[in-house]
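Chemist: full-length UniProt numbering applies: residue 1 is where the sequence shown begins, and numbers increase by one.
This is the structure, below, for whatever I ask next.
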Amino acid sequence: MSRHPPLLIVDNLHVNFHSGKHIVHAVQGVSFELKKAQTLAIVGESGSGKSVTALSVLGLLPYPRASHPQGSIQFHGQELLNAPTDILRSIRGNRISMIFQEPLTSLNPLHTIDRQIGETLSLHKGLYGEALTHRVIELLEMAGFPDGRDRLKSYPHQLSGGQRQRVMIAMALACDPEILIADEPTTALDVTIQAQIIELLKELQGRLKMSLILITHDLHVVQKIAQDVVVMKDGLKVEENATQELFSHPQDPYTKRLIDSDPQGHAVPVKGDEELLLTGENIKVYFDIRRGIFKKKIGEIKAVDDISFSLRSGHTLGIVGESGSGKTTLAMALLRLEKCQGRIEFLGTEIQDLSNKEFRPYRREMQIVFQDPFGSLSPRMSIGQIIAEGLEIHKIGKTPQAREHLVIEALREVGLDPDIRHRYPHEFSGGQRQRIAIARALALKPRLIILDEPTSALDRSVQLDVLTLLKNIQKKNNLAYIFISHDLAVVKSISHQVLVMRQGKVVERGTAKDIFEHPQEVYTQKLIKAAFELEAA
1 MSRHPPLLIV DNLHVNFHSG KHIVHAVQGV SFELKKAQTL AIVGESGSGK SVTALSVLGL
61 LPYPRASHPQ GSIQFHGQEL LNAPTDILRS IRGNRISMIF QEPLTSLNPL HTIDRQIGET
121 LSLHKGLYGE ALTHRVIELL EMAGFPDGRD RLKSYPHQLS GGQRQRVMIA MALACDPEIL
181 IADEPTTALD VTIQAQIIEL LKELQGRLKM SLILITHDLH VVQKIAQDVV VMKDGLKVEE
241 NATQELFSHP QDPYTKRLID SDPQGHAVPV KGDEELLLTG ENIKVYFDIR RGIFKKKIGE
301 IKAVDDISFS LRSGHTLGIV GESGSGKTTL AMALLRLEKC QGRIEFLGTE IQDLSNKEFR
361 PYRREMQIVF QDPFGSLSPR MSIGQIIAEG LEIHKIGKTP QAREHLVIEA LREVGLDPDI
421 RHRYPHEFSG GQRQRIAIAR ALALKPRLII LDEPTSALDR SVQLDVLTLL KNIQKKNNLA
481 YIFISHDLAV VKSISHQVLV MRQGKVVERG TAKDIFEHPQ EVYTQKLIKA AFELEAA
């Protein structure tokens, strides 16, 4: 490999962001090289500049607010930094492709997935008609959709977070690029699909001799696939080495802290006789399948199929399962954001048949942190307005000053500077946005918070901080959580009880200790084995 010149050379890259008279030095003098068929991982905490570095390669930063005072990015010897638009367009999605971090905001909500994947193929490969459809189906199946043809006319909102990420992967692979930039490609995926995607990327590298830049906070994935690692902090490259050497003998204290930041510990101690907070009995959520001009019903999807459980104050119920297993749909049903059959009792009251007016007081007590923080935060509202909105609706705080004090308190609880309340969601990294979403939920002082993949967008060191924060808040306020995650290590560290879901049904339930140490069902054993293999990589 060393006999061939590098495909990509990033030399002394600087990136500044301008906001009035204020300048943020997001990337400061970063350099690295990428060779043919090499996998280079760029790791670091949220806000370290790793995604900004990757976006600079394809000229996808918000220019002219962003600028490059110094540096060079060369692809096959051709300068890409500040290159003409027509040159960049011929390379984007064709020779260099990218999987973006947040699929819901990257996919067009008005177009079906076959149209979105097909656009790249038509533009760069000239494919149309049956040949285009065949290639789209092939890409979907390659990215983990066994029912690729049935998914062609689906819209992004009809897919789970993991399924949307796989659509992004299919789009990125459409033109067999020379370089694939993967920005957190496995973040939204459960452990079994993570393993499949990693194997897929490795197989594609062998077949296409494709190079890969992997941006991730998941060091287990880095160990599994990367040959070399660049570690970034505060816009600077603090360390670079071969993967095995870096993990065996990290030189920089920051690198050592990242490597030692796996989730650990156990759930907050409980007695077991706490107040019964939430009960679900025989909950069902079915979606009709309709086809034809008259939209005749031809079947139904049993997204949640006859699930029962109970949750006490101060306890955490972990819900795990593969993408599309019904985890999030169950959460939406409990919050009355999705129609369902069955019985839901909260604080001794049956809530499933209450009117919206009757249910409103309970909404304060039942909050949710959504999986995609960028999609759930209004881009037109400041952080302070976003957090204060719920306070105003529920008439908490008698004056604007009192509500602002509660906003400040919520931001401090999640480890954020209160001064950020005057800024907007697009100004923050994915991990920072997730903490803002948690602050919004905490501000109302609820009895129950449903956390839908709350740490998936966070690097490991921040995950530890957030998990510690959630446990401390739970202990202090006797708060109950429903914790939905594909990250079994995170679920194990915070949950008292665990539900394992597959295709809308509960396949196993029990204490966290029993589920993780003595799983009874083959499916549960498969999930735990996949997670263990990633950790042991």
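Just so it is clear, CB atoms sit at the ideal spot from N, CA and C, and this is done for glycine as well.
Glycine 510 by DSSP, collapsed to three states: which one?
Modeler: Numbered from its first residue, the sequence shown carries residue 510 at position 510. Note: glycine 510 maps to strand in three-state DSSP.
Chemist: Relative to the alpha-carbon of isoleucine 73, which residue among Leu58, Pro62 and Arg433 has its alpha-carbon at the smallest distance?
Modeler: Residue numbering aside, residue 73 sits at position 73 when the sequence shown is read from its first letter. Nearest C-alpha to isoleucine 73: Leu58.
Chemist: Could you spell out the range, first to last residue, of the beta strand (DSSP E) harbouring isoleucine 210?
Modeler: Walking along the sequence shown from the start, residue 210 turns up at place 210. Just to set this straight, residue 210 is methionine in the shown sequence, not isoleucine. First-last for methionine 210: undefined, no H or E at that position.
Chemist: What's the C-alpha gap between serine 261 and valine 466?
Modeler: One-based indexing of the sequence shown puts residue 261 at position 261. One-based indexing of the sequence shown puts residue 466 at position 466. Taking the straight line from one Cα to the other gives about 12 Å.
Chemist: In chain order, what residues of the same chain lie with their CB nearer than 6 Å to the CB of proline 185, ignoring the 5 residues before and after it?
Modeler: Here residue 185 is taken as the residue at index 185 of the sequence shown, counted from 1. Excluding positions up to five away in sequence, the list reads Ile99.
Chemist: Is it the case that the Cβ atoms of alanine 303 and glycine 504 are separated by a distance below 7 Å?
Modeler: Within the sequence shown, the letter at position 303 stands for residue 303. Within the sequence shown, the letter at position 504 stands for residue 504. Yes, the pair counts as a contact, with Cβ atoms nearer than the cut-off.
Chemist: Suppose contacts are defined by Cβ-Cβ distances below 7 Å. Is aspartate 252 in contact with glutamate 239 by that definition?
Modeler: Indexing the sequence shown from 1 puts residue 252 at position 252. Indexing the sequence shown from 1 puts residue 239 at position 239. A contact, by the Cβ cut-off of 7 Å.
Chemist: Measure the Cβ-Cβ separation of isoleucine 383 and arginine 435 and say whether it is below 7 Å.
Modeler: The count along the sequence shown starts at 1 and reaches residue 383 at position 383. The count along the sequence shown starts at 1 and reaches residue 435 at position 435. No, Cβ-Cβ distance for isoleucine 383 and arginine 435 is not below 7 Å.
Chemist: Could you tell me whether the stretch 73 to 88 touches the stretch 132 to 152, where touching means 3 or more Cβ pairs closer than 8 Å?
Modeler: Segments in contact, no.
Chemist: Out of curiosity, what's the CA-to-CA distance linking alanine 439 and tyrosine 155?
Modeler: Position 439 of the sequence shown, counted from the start, is the residue given in the question as residue 439. Position 155 of the sequence shown, counted from the start, is the residue given in the question as residue 155. Distance between the alpha carbons of alanine 439 and tyrosine 155: 30 Å.
Chemist: Does any heavy atom of the ligand COA sit closer than 6 Å to the C-beta of isoleucine 289?
Modeler: Of the ligands one can find in the structure shown there are none, so the ligand COA has no counterpart to examine.
Chemist: What is the residue span of the alpha helix (DSSP H) that isoleucine 99 lies within?
Modeler: Translated into the one-based positions of the sequence shown, residue 99 becomes position 99. Careful: isoleucine 99 lies outside any alpha helix (DSSP H), inside the beta strand (DSSP E) at 96 to 99.
Chemist: Just to check my reading of the structure: leucine 208 and alanine 170 have Cβ atoms closer than 8 Å, yes? What is that Cβ distance to the nearest angstrom?
Modeler: The count along the sequence shown starts at 1 and reaches residue 208 at position 208. The count along the sequence shown starts at 1 and reaches residue 170 at position 170. Not really, about 15 Å apart at Cβ, beyond 8 Å.
Chemist: Name, in chain order, the residues that DSSP records as bridge partners for residue 540.
Modeler: Lying outside 1 to 537, the shown extent of the chain, residue 540 is not represented and no answer is given.
Chemist: Runs of 3 residues minimum, wholly inside the stretch 334 to 365: which ones carry the beta strand (DSSP E) assignment?
Modeler: Taking only runs of at least 3 residues, the beta strand (DSSP E) segments lying wholly in the stretch 334 to 365 are 341 to 346.
Chemist: Does the Cβ of glutamate 203 have 16 or more other Cβ atoms within 10 Å, making it buried, or fewer, making it exposed?
Modeler: One-based indexing of the sequence shown puts residue 203 at position 203. The residue in question, glutamate 203, is exposed, as its Cβ has fewer than 16 Cβ neighbours within 10 Å.
Chemist: In whole angstroms, give me the CA-to-CA distance for methionine 501 and isoleucine 307.
Modeler: What you label residue 501 is simply residue 501 of the sequence shown in a count that begins at 1. What you label residue 307 is simply residue 307 of the sequence shown in a count that begins at 1. Each residue's alpha carbon lies about 10 Å from the other.
Chemist: Excluding the 5 residues flanking glycine 49 on each side, which residues of the same chain have their C-beta closer than 6 Å to its C-beta?
Modeler: Reading the sequence shown from its first residue, position 49 is the one you call residue 49. So the list reads Ala26, Val27, Met232 and Gly235, once near-sequence residues are dropped.
Chemist: Taking buried to mean at least 16 other C-beta atoms within 10 Å of its own C-beta, is aspartate 353 buried or exposed?
Modeler: Locating residue 353 in the sequence shown gives position 353, counting from the first residue. It is exposed - the Cβ of aspartate 353 has fewer than 16 other Cβ atoms within 10 Å.
Chemist: List in chain order: all unbroken beta strand (DSSP E) runs of 3+ residues lying wholly within the stretch 359 to 428.
Modeler: Here the runs fully enclosed are 366 to 369.
Chemist: Pairing CB atoms from the stretch 290 to 302 with CB atoms from the stretch 475 to 486, are three or more of them under 8 Å?
Modeler: Contact between the stretch 290 to 302 and the stretch 475 to 486 is absent, because fewer than three Cβ pairs lie under 8 Å.
Chemist: Could you give the residue range of the alpha helix (DSSP H) that holds valine 320?
Modeler: On the sequence shown, residue 320 is found 320 positions in, with the first residue counted as 1. Premise fails: valine 320 lies in the beta strand (DSSP E), 316 to 320, not in any alpha helix (DSSP H).
Chemist: What do you get for glutamine 102, buried or exposed, if any count of 16 or more other CB atoms within 10 angstroms of its CB means buried?
Modeler: The residue given as residue 102 occupies position 102 in the sequence shown. The sequence as given places glutamate at residue 102; glutamine does not occur at that position. Classification for glutamate 102: buried.
Chemist: Just how far apart, CA to CA, sit glycine 162 and proline 84?
Modeler: Counted from its first residue, the sequence shown places residue 162 at position 162. Counted from its first residue, the sequence shown places residue 84 at position 84. Cα to Cα, the separation comes out at about 35 Å.
Chemist: Cβ of serine 90 within 7 Å of Cβ of aspartate 183?
Modeler: Numbered from its first residue, the sequence shown carries residue 90 at position 90. Numbered from its first residue, the sequence shown carries residue 183 at position 183. Result no, Cβ atoms of serine 90 and aspartate 183 do not sit closer than 7 Å.
Chemist: Quick check on alanine 37: does DSSP put it in helix, strand or coil?
Modeler: For the purposes of this step, residue 37 is identified with residue 37 of the sequence shown, where counting begins at 1. Looking at alanine 37 - three-state DSSP - the assignment turns out to be coil, as it is neither helix nor strand.
Chemist: Which same chain residues end up closer than 7 Å to arginine 460 when comparing Cβ atoms and leaving out the 5 residues on each side of it in sequence?
Modeler: For the purposes of this step, residue 460 is identified with residue 460 of the sequence shown, where counting begins at 1. Closer than 7 Å at the Cβ level, and outside the excluded window around arginine 460, lie His217, Leu219, Leu258, Ser261 and Asp262.
Chemist: Grab the span of the alpha helix (DSSP H) containing phenylalanine 294 for me, first residue to last.
Modeler: The residue labelled residue 294 in the question sits at position 294 within the sequence shown. That residue, phenylalanine 294, is in no alpha helix (DSSP H); it is neither H nor E in DSSP.
Chemist: Could you spell out where the beta strand (DSSP E) holding tyrosine 63 opens and where it closes?
Modeler: Within the sequence shown, residue 63 is the residue found at index 63, counting from 1. No beta strand (DSSP E) holds tyrosine 63; DSSP gives it neither H nor E.
Chemist: To the nearest angstrom, how far is it from the Cα of threonine 316 to the Cα of proline 454?
Modeler: If you number the sequence shown from 1, residue 316 lands on position 316. If you number the sequence shown from 1, residue 454 lands on position 454. Taking the straight line joining both Cα atoms gives about 14 Å.
Chemist: If the criterion is Cβ atoms closer than 7 Å, does the pair aspartate 452 and isoleucine 484 meet it?
Modeler: Locating residue 452 in the sequence shown gives position 452, counting from the first residue. Locating residue 484 in the sequence shown gives position 484, counting from the first residue. In this structure, isoleucine 484 lies closer than 7 Å to aspartate 452 by Cβ.
Chemist: Work out the CA separation of leucine 444 and glutamate 413 for me, nearest whole Å.
Modeler: Taking the first residue of the sequence shown as 1, we reach residue 413 at position 413. Taking the first residue of the sequence shown as 1, we reach residue 444 at position 444. Taking the straight line joining both Cα atoms gives about 13 Å.
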